[in-house]
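Below is one structure, written out as structure tokens, with a few remarks after it.
Number of protein chains: 2
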Amino acid sequence: MAEKEENIGITVKKEDDMPEWYSQVCQKAELADTSSIKGFMVIRPNGYGIWENIQDYFNKVIRERKVRNAYFPLLIPESFFKKEAEHAEGFAPELAWVGGAAEEGEERLAIRPTSETIMYDSYSKWIRSYRDLPLRINQWCNVLRWEVKQTKVFLRTREFLWQEGHCVYETEEECDKEVYMFLDEYKRLAEEQLAVPVLTGKKTEKEKFAGAKYTTTIEAFMPDGKALQCGTSHNLGQGFAEGFGIRYIGKDEKEHIPWQNSWGFSTRLIGAIIMTHGDNKGMVMPPRIAKDKIVIVPILFDKTKKEVLKKADELEKKLSEYGVIVDDREGYSPGWKYNEWEMKGVPLRLEVGPKDIEKKHVVVVRRDNGKKEFVKEADLIKRIPKIIDEMHGDMFAKAKKHLDESIVEVKSWEEFEKVVKENKIAKAPFCGEGECEDWIKDKSGGITSRCVAEGKPKDKCVQCGKKAEEFVYFSKSY
Amino acid sequence: MAEKEENIGITVKKEDDMPEWYSQVCQKAELADTSSIKGFMVIRPNGYGIWENIQDYFNKVIRERKVRNAYFPLLIPESFFKKEAEHAEGFAPELAWVGGAAEEGEERLAIRPTSETIMYDSYSKWIRSYRDLPLRINQWCNVLRWEVKQTKVFLRTREFLWQEGHCVYETEEECDKEVYMFLDEYKRLAEEQLAVPVLTGKKTEKEKFAGAKYTTTIEAFMPDGKALQCGTSHNLGQGFAEGFGIRYIGKDEKEHIPWQNSWGFSTRLIGAIIMTHGDNKGMVMPPRIAKDKIVIVPILFDKTKKEVLKKADELEKKLSEYGVIVDDREGYSPGWKYNEWEMKGVPLRLEVGPKDIEKKHVVVVRRDNGKKEFVKEADLIKRIPKIIDEMHGDMFAKAKKHLDESIVEVKSWEEFEKVVKENKIAKAPFCGEGECEDWIKDKSGGITSRCVAEGKPKDKCVQCGKKAEEFVYFSKSY
Numbered sequence: 035m036a037e038k039e040e041n042i043g044i045t046v047k048k049e050d051d052m053p054e055w056y057s058q059v060c061q062k063a064e065l066a067d068t069s070s071i072k073g074f075m076v077i078r079p080n081g082y083g084i085w086e087n088i089q090d091y092f093n094k095v096i097r098e099r100k101v102r103n104a105y106f107p108l109l110i111p112e113s114f115f116k117k118e119a120e121h122a123e124g125f126a127p128e129l130a131w132v133g134g135a136a137e138e139g140e141e142r143l144a145i146r147p148t149s150e151t152i153m154y155d156s157y158s159k160w161i162r163s164y165r166d167l168p169l170r171i172n173q174w175c176n177v178l179r180w181e182v183k184q185t186k187v188f189l190r191t192r193e194f195l196w197q198e199g200h201c202v203y204e205t206e207e208e209c210d211k212e213v214y215m216f217l218d219e220y221k222r223l224a225e226e227q228l229a230v231p232v233l234t235g236k237k238t239e240k241e242k243f244a245g246a247k248y249t250t251t252i253e254a255f256m257p258d259g260k261a262l263q264c265g266t267s268h269n270l271g272q273g274f275a276e277g278f279g280i281r282y283i284g285k286d287e288k289e290h291i292p293w294q295n296s297w298g299f300s301t302r303l304i305g306a307i308i309m310t311h312g313d314n315k316g317m318v319m320p321p322r323i324a325k326d327k328i329v330i331v332p333i334l335f336d337k338t339k340k341e342v343l344k345k346a347d348e349l350e351k352k353l354s355e356y357g358v359i360v361d362d363r364e365g366y367s368p369g370w371k372y373n374e375w376e377m378k379g380v381p382l383r384l385e386v387g388p389k390d391i392e393k394k395h396v397v398v399v400r401r402d403n404g405k406k407e408f409v410k411e412a413d414l415i416k417r418i419p420k421i422i423d424e425m426h427g428d429m430f431a432k433a434k435k436h437l438d439e440s441i442v443e444v445k446s447w448e449e450f451e452k453v454v455k456e457n458k459i460a461k462a463p464f465c466g467e468g469e470c471e472d473w474i475k476d477k478s479g480g481i482t483s484r485c486v487a488e489g490k491p492k493d494k495c496v497q498c499g500k501k502a503e504e505f506v507y508f509s510k511s512y
Numbered sequence: 035m036a037e038k039e040e041n042i043g044i045t046v047k048k049e050d051d052m053p054e055w056y057s058q059v060c061q062k063a064e065l066a067d068t069s070s071i072k073g074f075m076v077i078r079p080n081g082y083g084i085w086e087n088i089q090d091y092f093n094k095v096i097r098e099r100k101v102r103n104a105y106f107p108l109l110i111p112e113s114f115f116k117k118e119a120e121h122a123e124g125f126a127p128e129l130a131w132v133g134g135a136a137e138e139g140e141e142r143l144a145i146r147p148t149s150e151t152i153m154y155d156s157y158s159k160w161i162r163s164y165r166d167l168p169l170r171i172n173q174w175c176n177v178l179r180w181e182v183k184q185t186k187v188f189l190r191t192r193e194f195l196w197q198e199g200h201c202v203y204e205t206e207e208e209c210d211k212e213v214y215m216f217l218d219e220y221k222r223l224a225e226e227q228l229a230v231p232v233l234t235g236k237k238t239e240k241e242k243f244a245g246a247k248y249t250t251t252i253e254a255f256m257p258d259g260k261a262l263q264c265g266t267s268h269n270l271g272q273g274f275a276e277g278f279g280i281r282y283i284g285k286d287e288k289e290h291i292p293w294q295n296s297w298g299f300s301t302r303l304i305g306a307i308i309m310t311h312g313d314n315k316g317m318v319m320p321p322r323i324a325k326d327k328i329v330i331v332p333i334l335f336d337k338t339k340k341e342v343l344k345k346a347d348e349l350e351k352k353l354s355e356y357g358v359i360v361d362d363r364e365g366y367s368p369g370w371k372y373n374e375w376e377m378k379g380v381p382l383r384l385e386v387g388p389k390d391i392e393k394k395h396v397v398v399v400r401r402d403n404g405k406k407e408f409v410k411e412a413d414l415i416k417r418i419p420k421i422i423d424e425m426h427g428d429m430f431a432k433a434k435k436h437l438d439e440s441i442v443e444v445k446s447w448e449e450f451e452k453v454v455k456e457n458k459i460a461k462a463p464f465c466g467e468g469e470c471e472d473w474i475k476d477k478s479g480g481i482t483s484r485c486v487a488e489g490k491p492k493d494k495c496v497q498c499g500k501k502a503e504e505f506v507y508f509s510k511s512y
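Residue numbers (the working numbering), protein chains in the order written: chain A, 35 to 512; chain B, 35 to 512.
The structure is reproduced here in structure tokens:
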């Protein structure tokens, strides 16, 4: 039997060595692979299935919001980047240039790191009048940023997949409103689908998107005490519209410059899921977003095999809307199969053997806490969605508890240093200045701001002692 | 009112100048735009919606066939192309090279023109034993081929979107079987979803995919007498497996080389739809694949406006599964709105005014033939899917008639020349040799083989007079 040599689980503990644990889970649960090309990843079907379900869910959300999907070119002419100065400067170091066009004596082309410029070139042709606004377009695509830092599948790779929404409005008010509307949808996706709690708020001036008026973010907090930026929604102001000549004739018959926002999340979300929920047995898929929510393991004996397999097929059909795998492979013991599917993180395991058939029940085992339940066959259709909701709720609550308990309000630099050293989040009074933030990063060994928190501080800036404009969350980060 | 200046329809007739007609339909129905970058296109929401529905449909099909989606890197190292000699030669002229890696003193990287090589590099790591087979993976992605020919949105662009399926099997028989299984699914997609009839069969040796043992194809035939290759399914033999070192240990405990196939269709399908079904009023969307199948135009008078808008909303909710647009814009006449939605090709128009409400019916107008029907409100839910099926059937039948009537069996070179000059398809006895096919292309001013037809010819090869191995379809093509 091949089982012994193949069935090797995760060999380090999550709490002991999270980076190594993460690599092993990605590899062994077949979520993603490093590629032969430095800095690139292969997203395997187990990982890509999560992305597909995120896409399905989010496409429904944005369709409701009157956003439509489209597709814009992969390559962007050099001159386009120069039309918005801050944007150009922000992305310049990460661009990959393509040879083809240069050889024809034409302008240099870069692979898109984000699509503001190429999209707004088209927008300037499409938008004529207030009747064309608001314009709300989204695209799902690959982007390339030539990272020089150490790469890690899902978290930091030179190529990743994402969605980028790009909207145009008549007024600042509408634009602002929808920046936060999309941010709220991101929070809902993270919390209600992925069971990943997030902090939300504005980025500081220093951390905002290159070319934006302001940036808002959802920030998750990993078990190792590092924050992970999981999605951003920007008010771009009128700078891009000016650069690309986007104008509209208003109801007043005069020409106006419109307002724009953009918002995106990426396959990095899958990394957040793995780190938040995975355990020392491997991956744990949040049940609402898992493509295959159920694995059925028939318990096979020679005498009753036929009957048990028939029952497994019957259950598969009955539950097909949840995505069901029937593991009827020969030559593997049930225990071996349990380990394999636990490694892969399938949310629910259904065990069915001759005795279960006799008793007209099925054994349902939750992946997150191993809780076993005997469910009457007749109740299955009603009980499964409830178990899924309970499991989601428990997974979210556990992660939320960690996040809530990690936030510590600090008043002094000493407190600040202590809190972030303990892998927690310092909620600190902050002056808001870029220079001060640079100092904080330098003095603390790389701590960055995550986002502005609620509340109005009475104390002075934790670092420079100037007037504190707001509370800001600071922590280690990915 | 803005209507007069904006409401300019297609200014040439399809039958008079199809290339110009095609460009205008793409532009004015907002299906796609040329881009500021030479040879690239922007797929606008009206066009992209078709692609999304094709994806939804086809994802269901391949999931049934146990194919799973994944994502592989955009960039491919130069050395990978060299592992299969014919493949490398076939794609060399069309590659776009990226600067980034070269600057780091590493190997040159090309943007994928197709993903055999990058995927099989991973496959060689993943496949160990017969237990890992069959392996069936598909990816949806963008590919780049640096075309030097004149480009045209959807039909020939340097970048396009596609799906590429890549499967690995133990035996040649399984591999062959599924090459045709996927080809059949392509035919079903084209005919039963897009209402585009196709010829299916093997490509000649000359026209097969670079690196394949053989290629099969679905070929549509456009109203201007040019064939359009719409999807191909290849048996790749064992060449790639040998090149990339893909091996498996069989049940016999010996090492074997597996068999592989690959199969793909692209956004070119949208071009086939436009050309096949569009008319002098603009686009005609095949109803099964249209994202928005219904537009409701409320007929508004001051007195009854409120009531009519309420009814329109009610109908929208009732029919929401079909994708419904309610055009309640002020300042446009119903006639102007009819023209606009006809231009955009929405399959069904529902008109509802005060008199219709009184009579408890709705006016349903088909886009393809303008047929008007008064449908009792109570019957709407039952009648709409039937109208959609009838419309699909009529659109398919019309295109099928054109295809069938265009095929002419020829025996001599004179007949051959006459038939292709008349923009028809010559079904010709052919020797099968690449050299002879080159002569045919030269002598006829660019006619190429489309695929092998059924039947065994008694006559000699139409060009060289040698023994004819098979009938082959020849025609002009895109």
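For each residue, glycine too, the CB sits at the ideal point set by N, CA and C.
Check: Return the chain-ordered list of same chain residues with a C-beta closer than 7 Å to the C-beta of Cys201 of chain A, the five sequence neighbours on each side being excluded.; Outcome: Pro168, Leu169, Arg170, Glu212, Gln294 and Asn295
Check: Quick check on Arg222 of chain A - is its C-beta less than 8 Å from some C-beta in chain B?; Outcome: no
Check: Looking at the strands, I want to know which residues DSSP matches up with Gln263 of chain A.; Outcome: A:Glu253
Check: By Cβ distance below 6 Å, which residues in the same chain neighbour Trp174 of chain B in space, the five residues on each side in sequence not counted?; Outcome: Gln197
Check: Identify every residue that forms a DSSP beta bridge with Glu198 of chain A.; Outcome: A:Gln173 and A:Gly298
Check: Cβ of Val397 of chain A within 8 Å of Cβ of Glu385 of chain A?; Outcome: yes
Check: Can you tell me which of the three DSSP states Ala412 of chain A falls into?; Outcome: helix
Check: Tell me, please, whether the CB atom of Leu189 of chain B is closer than 8 Å to any CB atom in chain A?; Outcome: no
Check: Please classify Arg162 of chain B: is it buried, with 16 or more other beta-carbons within 10 angstroms of its beta-carbon, or exposed?; Outcome: exposed
Check: Are there 16 or more other CB atoms within 10 angstroms of the CB of Glu49 of chain A, so buried, or fewer, so exposed?; Outcome: exposed
Check: How about the stretch 233-242 of chain A and the stretch 312-327 of chain A: do they share at least three Cβ pairs that are nearer than 8 Å?; Outcome: no
Check: In chain order, what residues of the same chain lie with their CB nearer than 7 Å to the CB of Ser300 of chain B, ignoring the 5 residues before and after it?; Outcome: Phe194, Leu195 and Trp196
Check: Closer than 6 Å by C-beta to Lys394 of chain A: which residues in its own chain qualify, once you throw out the five before and the five after it? Chain order, please.; Outcome: Glu411
Check: Pull up the distance between the alpha-carbon of Trp447 of chain B and that of Pro231 of chain B, whole angstroms please.; Outcome: 28 Å
Check: Apart from the five residues on each side of it in sequence, which residues of its chain come closer than 8 Å, Cβ to Cβ, to Glu289 of chain B?; Outcome: Arg281, Tyr282 and Ile283
Check: DSSP on Glu212 of chain A, reduced to helix/strand/coil?; Outcome: helix
Check: What runs of the beta strand (DSSP E), each 3 residues or longer, lie entirely inside the stretch 475-510 of chain A?; Outcome: 482-486
Check: I want to verify the contact list: residues of chain B whose CB lies under 8 Å from the CB of Lys195 of chain A, in sequence order.; Outcome: Reading off the sequence, residue 195 of chain A comes out as Leu, not Lys. By Cβ distance, chain B contributes Tyr105.
Check: Once DSSP output is grouped into helix, strand and coil, what is the label at Gly365 of chain A?; Outcome: coil
Check: If you drop the 5 nearest sequence neighbours on each side, which residues of the same chain put their C-beta closer than 6 Å to that of Pro491 of chain B?; Outcome: Pro463, Ala502 and Phe505
Check: Say whether chain A places a C-beta atom closer than 8 Å to the C-beta of Tyr91 of chain B.; Outcome: no
Check: What number of angstroms, rounded off, separates the C-alpha of Ile359 of chain B from the C-alpha of Gly235 of chain B?; Outcome: 40 Å
Check: Can you tell me which of A:Pro127, A:Phe255, A:Trp297 and A:Glu64 puts its alpha carbon nearest to the alpha carbon of Thr12 of chain A?; Outcome: Here chain A comprises residues numbered 35 to 512, so residue 12 of chain A is not present and cannot be evaluated.
Check: How many angstroms separate the CA atom of Val331 of chain A from the CA atom of Lys435 of chain A?; Outcome: 33 Å
Check: Thinking C-beta only, is Val496 of chain A closer than 8 Å to Phe450 of chain A?; Outcome: yes
Check: I want to verify the contact list: residues of chain B whose CB lies under 9 Å from the CB of Pro292 of chain A, in sequence order.; Outcome: What Pro292 of chain A touches in chain B: nothing, since even the nearest Cβ is about 18 Å away.
Check: Is Ala246 of chain A helix, strand or coil by DSSP?; Outcome: coil
Check: Could one say the Cβ of Asn13 of chain B lies closer than 8 Å to chain A's Cβ atoms, at least one of them?; Outcome: The question about residue 13 of chain B has no answer here: the residues shown for chain B are numbered 35 through 512.
Check: Is any beta-carbon of chain A found at less than 8 Å from that of Ser156 of chain B?; Outcome: yes
Check: Quick check: the Cα distance between Thr191 of chain A and Asp390 of chain B, rounded to an integer number of angstroms?; Outcome: 59 Å
Check: Alpha helix (DSSP H) containing Leu343 of chain A: first to last residue?; Outcome: Lys339 to Lys352
Check: Nearest to Leu233 of chain A by alpha carbon, out of A:Gly479, A:Asp472, A:Ile441 and A:Glu471?; Outcome: A:Ile441
Check: Whole angstroms is fine: what's the gap from Leu303 of chain A's alpha carbon to Met317 of chain A's?; Outcome: 14 Å
Check: Is DSSP giving Gly316 of chain A helix, strand or coil here?; Outcome: strand
Check: Determine the direct distance from the alpha carbon of Ala246 of chain B to that of Glu207 of chain B, and round the result to whole angstroms.; Outcome: 16 Å
Check: Of all the options A:Glu98, A:Arg383, A:Arg146 and A:Lys458, which has the alpha carbon lying nearest to the alpha carbon of Phe114 of chain A?; Outcome: A:Arg146
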